[in-house]
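Residue numbers (our numbering): 542 to 716. We put the CB at the ideal spot given by N, CA and C, even for glycine. Quick caveat: nothing in here was measured; it's all calculated off a predicted structure.
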């Protein structure tokens with residue numbers, strides 16, 4: 542397995558770890574959805590805010606580069622992914638950047654009694670961002686305060702539950 546595949550697999554595992562603490566489920570996308578820019582789906586396996594199984598999609602990137610400057614993570618996102626994330630979607634989409642040390646053996650420190658994960662994930666929604674004339678990449682600035690935590694994931698799902706509940710209540714007015 543090459544290093545990029547290891548980063549991808551590690552990032553999915555890291556997000557699954559965070560989601561499991563919140564009682565959420567992460568599903569990796571099949572090849573067709575991955576090619577369309579959706580790497581994972583995060584879902585509540587039950588009712589949240591009066592709606593069954595609200596969910597969000599995410600594009601996930603993992604990097605070992607030093608990309609934090611002045612409390613801003615600066616990530617060069619491929620333009621095709623950027624266009625997908627700023628576009629309209631029936632399911633909310635977020636960008637998740639997982640950072641890891643350069644040396645793979647430094648990603649985890651396992652001792653008797655504990656496992657230390659040396660990683661952090663940051664997230665941002667690009668909904669409503671402007672189109673760009675860039676042809677290859679666009680640098681996305683993510684504040685380092687946007688740390689992805691179990692609470693953040695739960696809040697995102699609850700926000701989606703609220704949004705869907707409002708939409709479903711509007712639907713009943715039409716009937």
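Residue i - DSSP class collapsed to helix/strand/coil
{"i": "residue 611", "result": "coil"}
{"i": "residue 690", "result": "coil"}
{"i": "residue 682", "result": "strand"}
{"i": "residue 677", "result": "coil"}
{"i": "residue 644", "result": "coil"}
{"i": "residue 706", "result": "helix"}
CB of residue i within 8 angstroms of CB of residue j, strictly
{"i": "residue 678", "j": "residue 618", "result": "yes"}
{"i": "residue 633", "j": "residue 701", "result": "yes"}
{"i": "residue 681", "j": "residue 555", "result": "no"}
{"i": "residue 552", "j": "residue 693", "result": "no"}
Distance, residue j Cα to residue i Cα
{"i": "residue 695", "j": "residue 626", "result": "20 angstroms"}
{"i": "residue 598", "j": "residue 587", "result": "17 angstroms"}
{"i": "residue 606", "j": "residue 710", "result": "46 angstroms"}
{"i": "residue 547", "j": "residue 671", "result": "33 angstroms"}
{"i": "residue 687", "j": "residue 583", "result": "18 angstroms"}
{"i": "residue 591", "j": "residue 558", "result": "26 angstroms"}
{"i": "residue 604", "j": "residue 624", "result": "21 angstroms"}
{"i": "residue 560", "j": "residue 645", "result": "23 angstroms"}
{"i": "residue 569", "j": "residue 662", "result": "17 angstroms"}
Cβ distance (whole Å) where residue i is taken to contact residue j below 8 angstroms
{"i": "residue 684", "j": "residue 563", "result": "No, residue 684 and residue 563 are not in contact; Cβ-Cβ is about 22 angstroms, not under 8 angstroms."}
{"i": "residue 635", "j": "residue 665", "result": "7 angstroms"}
Exposure label - residue i; buried when at least 16 CB within 10 Å
{"i": "residue 602", "result": "buried"}
{"i": "residue 565", "result": "buried"}
{"i": "residue 580", "result": "buried"}
Beta carbon proximity, residue i to chain C, threshold 8 angstroms
{"i": "residue 675", "result": "Reference to chain C is not applicable here, since this structure consists of a single protein chain."}
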